[in-house]
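**Q** Below you'll find the structure I mean.
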Amino acid sequence: MNQDHKNLFAAIFLSIVVLVGWQYFVGAPKMEKARTDAREQQVARPTAPTAGGQTAPAPGVAPSTAPQPVRPRAELLAASPRIAIDTDSLMGSVALKGGRIDDVLLKKYRETPDPKSPNIVLLSPSGSEHPFYAELGFVPAPGQQVAVPGPDAVWTADGRKLTATTPVTLSWENGQGLKFLRRISVDNDYLFTIVDTVENTGANAVALHPFSLVARHGRPALQGYAVLHEGLIGVVGDSGIQEWAYDKIEKETGAQKKFKGTGGWVGFTDKYWAAVVAPDQTKPFDATLSASPGTVAAKNYQADFVGEATSIAPGAKVESKTYVFAGAKVSELLDRYQANPGLSKFELLIDWGWFYFITKPLFNLLDLIYKLVGNFGVAILIVTVLVKLAFLPLANKSYLSMAKMKALQPQMKAIQERYPDDKVKQQQEQMELFKREKVNPVSGCLPMLVQIPVFFALYKVLFVTIEMRQAPFFGWIKDLSQPDPTNIFNLFGLLPFDPTQIPVFGSFLWLGIWPLIMGVSMWVQMKMNPEATDPVQRQMFAWMPVIFTFMLGSFPVGLVIYWTWNNVLSVAQQWWIMKRAGVPFELWDNLVKTFRRKPA
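Take the sequence shown: its letters are residues 31 to 630, numbered as in the numbering used here.
Structure (structure tokens):
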């Protein structure tokens with residue numbers, strides 16, 4: 031076996047390793063993680079924990095793991111007195127027992143594209159299957175023996191329904207001279223504004239710390255992509271964005287991270303939804319992100335803040351303002367809340383990534399075009415065209431360089447024939463040829479490297495923004511944020527089974543119509559360029575479309591459509607540039623050579 035054949039087999043082996051590795055480390059772990067979490071939750075459900083138990087919560091301390099039996103969500107909601115929430119975007123209720131915001135459903139979002147499917151349930155009460163809630167109030171300063179309202183305190187309300195135009199005030203007295211009032215208002219989107227007032231009618235001064243927290247029992251089902259942050263999140267003063275995955279916070283000392291600062295917010299983020307609490311942005315506070323011990327299903331996670339102690343003299347009263355965001359991470363809304371009421375860096379609740387300075391403007395452009403054309407898939411196609419036009423000068427340089435390289439192919443082949451067994455001499459002679467003809471072999475690659483951050487930013491936009499969720503395209507594509515629902519391995523739905531659910535091999539069998547079209551477009555694009563003179567490189571390039579077809583099979587179909595359209599535009603762009611440069615466009619000849627029978 032000669033060295034070229036050895037290199038070829040090594041290249042094929044490495045290509046397969048890339049494909050298998052991608053599925054093993056990205057696709058399969060995501061699916062297995064979801065199955066494992068589901069199994070643990072089923073085992074642990076009879077003793078699901080409650081953060082804070084039946085006593086006042088402890089901000090800044092890892093949440094409690096006291097067990098509490100799981101009860102149906104509807105039963106729990108009916109068992110406690112509540113105030114209904116009804117706005118254009120939200121429905122649910124506020125619990126009068128404990129004063130928690132623990133029942134929130136999103137009116138504008140459903141679990142599937144079917145308009146009759148259930149609404150997204152964001153927050154649920156303690157003791158339910160997936161507890162997730164916001165709680166706020168006061169804790170006594172050290173050395174103070176003061177009764178404050180806790181999870182068992184039953185508040186009195188001055189109304190029965192909370193709407194965007196009718197706030198509700200809750201009241202509770204401790205019987206020791208302290209009267210607590212809580213005014214809750216909400217806008218027509220997802221922001222609650224809570225003003226807590228404490229009035230001291232007793233004979234002695236008291237000192238209290240305001241606090242607020244978001245608690246989550248059990249780890250939720252995760253998307254599992256490295257490009258997306260899911261878990262605890264916050265901005266505290268000048269600390270910048272803090273992103274802590276569930277397993278990452280568990281590994282910290284004491285399973286918690288503490289921060290100090292003025293201005294900011296803390297909470298939890300999923301791919302499309304979030305629940306966070308934010309104090310008065312002008313006052314300093316201590317924030318803690320924490321986890322409790324236990325199995326995945328039995329862990330509690332908490333994000334909280336505690337403000338500075340305030341002394342309340344007899345006959346005086348103090349106020350504390352808190353904001354609670356519970357809803358969809360719509361970029362336009364987050365920008366609005368960052369401006370008013372001034373939540374610090376609130377736009378970072380969306381994981382824009384390292385290339386924020388590219389990603390955010392790119393999204394704004396995509397969203398603007400979407401609002402004009404009314405179809406997110408069409409907006410993706412238009413933005414791809416605009417990106418191509420922006421990089422036209424770089425592409426022109428790249429393709430002209432490739433054209434010059436193509437013109438030198440006969441001379442390069444002659445060098446290889448002259449020194450068939452001396453690779454070093456071949457390279458030396460080729461470099462002399464490039465120098466003599468004033469051709470830079472890397473100049474065709476450098477412009478592409480400049481474009482990589484833009485392409486990655488567009489990928490990030492298509493992956494993390496809620497505007498893509500359940501956005502239809504045409505034909506069978508009803509949700510651009512999900513993989514292509516068709517599959518070649520069940521004959522595109524003719525066979526009644528889902529190949530992706532087959533154990534062990536299922537993650538390799540996610541291959542729909544659009545990924546196949548993308549693979550063909552990539553293969554055609556590669557046929558436009560001169561074939562590599564090295565046989566190993568030739569085989570590597572021949573395998574690349576196959577590898578990428580399988581890699582992108584389980585990706586959001588919006589991204590696959592973008593990639594396909596980008597390949598088609600690249601072919602058209604290269605044809606136009608080469609025609610202007612007077613270089614022969616040999617795509618058809620190359621395609622014919624591929625299928626032509628080679629002589630024995």
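Beta carbons are placed, not taken as given, at the ideal position from N, Cα and C, and that holds for glycine.
What are the start and end residues of the alpha helix (DSSP H) that includes Gln-512?
**A** Start at 1 with the first residue of the sequence shown, and residue 512 comes out as number 482. Premise fails: Gln-512 is in no alpha helix (DSSP H) and is neither H nor E.
**Q** From Leu-411 to Trp-595, what distance separates their C-alpha atoms?
**A** Locating residue 411 in the sequence shown gives position 381, counting from the first residue. Locating residue 595 in the sequence shown gives position 565, counting from the first residue. For Leu-411 and Trp-595, the distance between alpha carbons rounds to 7 Å.
**Q** When the distance is taken between beta carbons, is Glu-159 closer than 8 Å to Val-100?
**A** As a position in the sequence shown, residue 100 is number 70, starting the count at 1. As a position in the sequence shown, residue 159 is number 129, starting the count at 1. Cβ distance < 8 Å, so Val-100 and Glu-159 count as in contact.
**Q** Does DSSP classify Gln-332 as helix, strand or coil?
**A** Mapped onto the sequence shown, residue 332 falls at position 302. Strand at Gln-332.
**Q** Looking at C-alpha atoms only, which residue of Phe-376, Met-574, Asn-470, Ile-388 is the closest neighbour of Ser-428?
**A** Here residue 428 is taken as the residue at index 398 of the sequence shown, counted from 1. The option with the nearest alpha carbon to Ser-428 is Asn-470.
**Q** Nearest-angstrom Cα distance between Leu-510 and Gln-457?
**A** The count along the sequence shown starts at 1 and reaches residue 510 at position 480. The count along the sequence shown starts at 1 and reaches residue 457 at position 427. Distance between the alpha carbons of Leu-510 and Gln-457 is about 47 Å.
**Q** Identify every run of the beta strand (DSSP E) within the stretch 426-473, keeping only runs that are complete inside it and at least 3 residues long; order them along the chain.
**A** Entirely contained in the stretch 426-473, not one beta strand (DSSP E) run reaches 3 residues.
**Q** If you reduce the DSSP assignment to three classes, tell me which class Phe-222 lands in.
**A** As a working note, residue 222 is residue 192 in the sequence shown. Strand.
**Q** State the beta-bridge partners of Ala-308 as determined by DSSP.
**A** Here residue 308 refers to the residue found at position 278 when the sequence shown is read from its first residue. Beta-bridge pairing links Ala-308 to Tyr-353.
**Q** Count the CB pairs spanning the stretch 252-265 and the stretch 300-313 that are closer than 8 Å, and state whether there are at least three.
**A** Because the criterion of three Cβ pairs below 8 Å is met, the stretch 252-265 and the stretch 300-313 touch.
**Q** Closer than 7 Å by C-beta to Val-360: which residues in its own chain qualify, once you throw out the five before and the five after it? Chain order, please.
**A** Indexing the sequence shown from 1 puts residue 360 at position 330. Hits under 7 Å: Ile-496.
**Q** May I ask you to list the residues that DSSP assigns as paired with Glu-230?
**A** Within the sequence shown, the letter at position 200 stands for residue 230. First, the amino acid is wrong: residue 230 is Asn here, not Glu. In the DSSP output, where bridge partners are listed per residue, Asn-230 has Leu-208.
**Q** For Phe-393, which of helix, strand or coil comes out of DSSP?
**A** Within the sequence shown, numbered from 1, the residue matching residue 393 stands at position 363. In the structure shown, Phe-393 sits in a helix (DSSP, three-state: H, G or I).
**Q** Which word fits Phe-387, buried or exposed, when buried means at least 16 other C-beta atoms lie within 10 angstroms of its C-beta?
**A** Residue 387 sits at position 357 when you count from the first residue of the sequence shown. With fewer than 16 Cβ atoms within 10 Å of its Cβ, Phe-387 is classed as exposed.
**Q** With 16 as the cutoff for other CB atoms within 10 Å, does Met-461 come out buried or exposed?
**A** Here residue 461 refers to the residue found at position 431 of the sequence shown. Classification of Met-461: exposed, given that the 10 Å Cβ count is below 16.
**Q** Based on DSSP bridge pairs, tell me the residues matched to Ile-271.
**A** On the sequence shown, position 241 is the one that residue 271 refers to. Bridge partners of Ile-271: Val-265.
**Q** Would you decide whether Phe-504 is buried or exposed? Buried here means 16 or more other CB atoms lie within 10 Å of its CB.
**A** Taking the sequence shown and counting its residues from 1, one reaches residue 504 at position 474. Exposed is the call here.
**Q** Give me the DSSP bridge partner(s) of His-247.
**A** Looking up residue 247 in the sequence shown gives position 217. According to DSSP, which records beta bridges pairwise, His-247 is partnered with Asn-330.
**Q** Which residues mark the beginning and the end of the beta strand (DSSP E) in which Asp-133 is found?
**A** The residue given as residue 133 occupies position 103 in the sequence shown. 131-140 is the extent of the beta strand (DSSP E) around Asp-133.
**Q** Output needed for Ala-343: all residues of its chain with C-beta closer than 6 Å, excluding positions within five of it in sequence on either side, in chain order.
**A** For this step, residue 343 is matched to residue 313 along the sequence shown. Ala-235.
**Q** Hey, quick one: how far does the beta strand (DSSP E) through Ala-125 stretch, first residue to last?
**A** Counted from its first residue, the sequence shown places residue 125 at position 95. That run of the beta strand (DSSP E) goes 120-125.
**Q** Looking only at its own chain, which residues have a Cβ that is under 6 Å from the Cβ of Ser-110, when we skip the five neighbours before and after it?
**A** Residue numbering aside, residue 110 sits at position 80 when the sequence shown is read from its first letter. Once the five neighbours on either side are set aside, the close Cβ partners of Ser-110 are Ala-125, Lys-127.
**Q** Using C-beta distances below 7 Å, list every residue in its chain close to Arg-140, excluding the 5 sequence neighbours before and after it, in chain order.
**A** Residue 140 sits at position 110 when you count from the first residue of the sequence shown. For Arg-140, where only same-chain residues beyond five positions count, the Cβ hits under 7 Å are Ser-147, Pro-148, Asn-149, Ile-150.
**Q** Quick one, are the C-beta atoms of Leu-120 and Leu-107 less than 8 Å apart?
**A** Here residue 120 corresponds to residue number 90 of the sequence shown, with the count starting at 1. Here residue 107 corresponds to residue number 77 of the sequence shown, with the count starting at 1. No.
**Q** In the DSSP assignment, the beta strand (DSSP E) including Thr-414 goes from what residue to what residue?
**A** As a first step, residue 414 must be located in the sequence shown, where it is residue number 384. Where Thr-414 is concerned, there is no enclosing beta strand (DSSP E), although the alpha helix (DSSP H) it sits in stretches over 406-420.
**Q** Can you tell which of Pro-172, Asp-310, Phe-355 has its C-alpha closest to the C-alpha of Asp-226?
**A** Indexing the sequence shown from 1 puts residue 226 at position 196. Among Pro-172, Asp-310, Phe-355, the Cα nearest to that of Asp-226 is on Asp-310.
**Q** Judging by CA-CA distance, which residue of Phe-493, Leu-211, Thr-195, Gln-332 is the nearest neighbour of Val-244?
**A** For the purposes of this step, residue 244 is taken as residue 214 along the sequence shown, with counting starting at 1. Here the closest residue by C-alpha is Gln-332.
**Q** Is Tyr-302 helix, strand or coil by DSSP?
**A** Here the question's residue 302 lines up with position 272 in the sequence shown. Coil.
**Q** Beta carbon of Ala-237, beta carbon of Ser-341: below 8 Å?
**A** Taking the sequence shown and counting its residues from 1, the one referred to as residue 237 is at position 207. Taking the sequence shown and counting its residues from 1, the one referred to as residue 341 is at position 311. In this structure, Ser-341 lies closer than 8 Å to Ala-237 by Cβ.
**Q** I'd like to check one pair, Trp-544 with Ser-584: are the Cβ atoms closer than 8 Å?
**A** Here residue 584 refers to the residue found at position 554 of the sequence shown. Here residue 544 refers to the residue found at position 514 of the sequence shown. Not a contact, by the Cβ cut-off of 8 Å.
**Q** May I have the straight-line CA-CA distance separating Val-652 from Ala-572, to the nearest angstrom?
**A** Given a span of 31 to 630 for the chain in the structure shown, any question on residue 652 remains unanswerable.
**Q** For Asn-218, count neighbouring C-beta atoms within 10 Å of its own C-beta (all shown protein chains included) and say buried if the count is 16 or more, exposed if not.
**A** Taking the first residue of the sequence shown as position 1, residue 218 is located at position 188. Counting Cβ neighbours within 10 Å, Asn-218 comes out exposed, since fewer than 16 surround it.
**Q** Taking one C-beta from the stretch 267-284 and one from the stretch 189-203 each time, how about it: are there three or more such pairs within less than 8 Å?
**A** No, the stretch 267-284 is not in contact with the stretch 189-203.
**Q** Counting along the chain, where does the alpha helix (DSSP H) carrying Lys-278 start and finish?
**A** As a first step, residue 278 must be located in the sequence shown, where it is residue number 248. Its alpha helix (DSSP H) spans residues 276-280.
**Q** On the three-state DSSP scale, how would you describe Gly-213?
**A** By one-based count along the sequence shown, residue 213 stands at place 183. First, the amino acid is wrong: residue 213 is Arg here, not Gly. Residue state, collapsed to three classes: strand.
**Q** What residue from Lys-418, Val-228, Asp-133 has the CA that sits closest to Ala-602's CA?
**A** Here the question's residue 602 lines up with position 572 in the sequence shown. Nearest of Lys-418, Val-228, Asp-133 to Ala-602, Cα basis: Lys-418.
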